[in-house]
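Numbering (the working numbering), first residue to last: 834 to 1146.
Using N, Cα and C, we set each Cβ at its ideal position, and we do this for glycine too.
A short write-up of the structure that comes next.
Spelled out as structure tokens, the structure:
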């Protein structure tokens, strides 16, 4: 006899159904975690690239503006521009910069006398001397403490009154600037940080006489400081361009050293590599293998460049 008040028994989940449900849930969670990880990595890289772009813009804008106002004069033995790849590249032993040049030249800077042109601080003149150097140190404290240090680009602007008194009309700008060189890395001369390397490629317009009395040819050649065969130094004088250590055979088109010396400096290409904050920290580890180092550099470094046309000389 059936009991009208009895309820049908509810059947529970079988073990197989529970296992299938757990497997599906695990797959969904794994996919969500993967998507979240990819999104987070993309966000972090985008953030690092934006910061690197700002650092690069700050450096390239500042240096390009100085180069566009380069001051030089022909018909003398005075030195107007000095650039040389550092013999001791900045950075700790575990993460040394791949290329860096000390740069000194004359320019008609608009921020001379702290931008107070025509004001009470203006002591006359419009030709300043400017120097750029890349250093490994704390950008705030100015100390070489590996725990807080990074690659920092500095710019020292020497006002026209001091430039006229101490630097203009010298046949060796490197030696003349030595008394001011230590001031370059002062904190107030900070431009930007995390600049792993910067490379200067000069464009020189060369005139080459044609064989057989034909028409002379004029064409540009590129000289990259620090590149194999190109030497590590370039000086611009009033009577020509000096490139100690340069092998003319490494230049294309082929030119002689005399033709290069008589050439005209018409432009400069500034190429830089900026690291992310994380890359600076990770690369400062002497235990990293070269393979890992190259992988970090490939993933967390950003390259920028700018070509500047120089005023005629």
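Query: Alpha carbons only, please: which of 946, 1096, 933 and 1009 is nearest the one belonging to residue 986?; Result: 933
Query: Report all residues from its chain with a CB closer than 6 Å to the CB of residue 906; omit the five preceding and five following residues, and keep chain order.; Result: 1071
Query: What are the partner residues of residue 966, as DSSP defines its beta bridges?; Result: 987
Query: What span of residues does the alpha helix (DSSP H) with residue 824 cover, start to end?; Result: The chain is shown from 834 up to 1146; residue 824 falls before or after that span and cannot be answered.
Query: Measuring CB atoms only, is the segment 1105-1120 touching the segment 1033-1051, in the sense that at least three cross pairs come out at less than 8 Å?; Result: no
Query: Considering residue 934, what are the terminal residues of the alpha helix (DSSP H) in which it resides?; Result: It is not in any alpha helix (DSSP H) - residue 934 instead sits in the beta strand (DSSP E) that spans 934-940.
Query: Anyone know if the C-beta pair for residue 989 and residue 938 falls short of 8 Å?; Result: no
Query: Helix, strand or coil, according to DSSP, for residue 895 in the structure here?; Result: helix
Query: From what residue to what residue does the beta strand (DSSP E) around residue 1040 run?; Result: 1028-1041
Query: Give a yes or no on whether 8 Å exceeds the smallest Cβ distance from residue 965 to chain B.; Result: Included in the structure is just one protein chain, with no chain B present.
Query: Tell me which same chain residues have a C-beta within less than 8 Å of the C-beta of residue 1064, skipping the five on either side of it?; Result: 1056, 1058, 1076, 1077, 1078, 1079 and 1080
Query: Can you tell me which of the three DSSP states residue 1071 falls into?; Result: coil
Query: Tell me whether residue 945 is buried or exposed, calling it buried when 16 or more other Cβ atoms sit within 10 Å of its Cβ.; Result: buried
Query: I'd like to know if the segment 863-871 and the segment 905-922 are in contact, where contact means that at least 3 CB-CB pairs between them fall below 8 Å.; Result: no
Query: Starting from the Cα of residue 1009, find the closest Cα among 852, 997 and 1049 and give me that residue.; Result: 997
Query: Going by C-alpha to C-alpha distance, which of 848, 941, 991 and 929 sits closest to residue 1126?; Result: 929
Query: My assumption, with CB atoms under 8 Å, is that residue 1098 sits in contact with residue 1129. Please give the rounded CB distance.; Result: No, residue 1098 and residue 1129 are not in contact; Cβ-Cβ is about 37 Å, not under 8 Å.
Query: With DSSP run on the structure shown, which of helix, strand or coil describes residue 907?; Result: coil
Query: Taking just the CA atoms, how far does residue 883 sit from residue 954?; Result: 37 Å
Query: If I measure Cβ to Cβ from residue 1147 and keep anything under 8 Å in the same chain, skipping five residues before and after, which residues do I get?; Result: The requested residue 1147 does not occur in the structure, where the chain is confined to residues 834 to 1146.
Query: Could you give the DSSP three-state label for residue 867: helix, strand or coil?; Result: helix
Query: Determine the DSSP secondary structure at residue 980, reduced to helix, strand or coil.; Result: coil
Query: Keeping to the same chain, check which residues put their C-beta closer than 6 Å to that of residue 915; ignore five residues upstream and five downstream.; Result: 937, 1006, 1007 and 1068
Query: Reducing DSSP to helix, strand and coil, say where residue 1114 ends up.; Result: helix
Query: By DSSP, does residue 917 sit in helix, in strand, or in coil?; Result: strand
Query: Going by CA-CA distance only, name the one from 885, 850 and 861 that's closest to residue 1105.; Result: 885
Query: With respect to the beta strand (DSSP E) encompassing residue 1126, which residues constitute its N-terminal and C-terminal limits?; Result: Here residue 1126 belongs to no beta strand (DSSP E); instead the alpha helix (DSSP H) covers 1123-1133.
Query: Restricting to Cα atoms, I'd like to know which of 1093, 1113, 1107 and 1122 is closest to residue 825.; Result: Missing from the structure shown is residue 825; the chain here goes from 834 to 1146 and no further.
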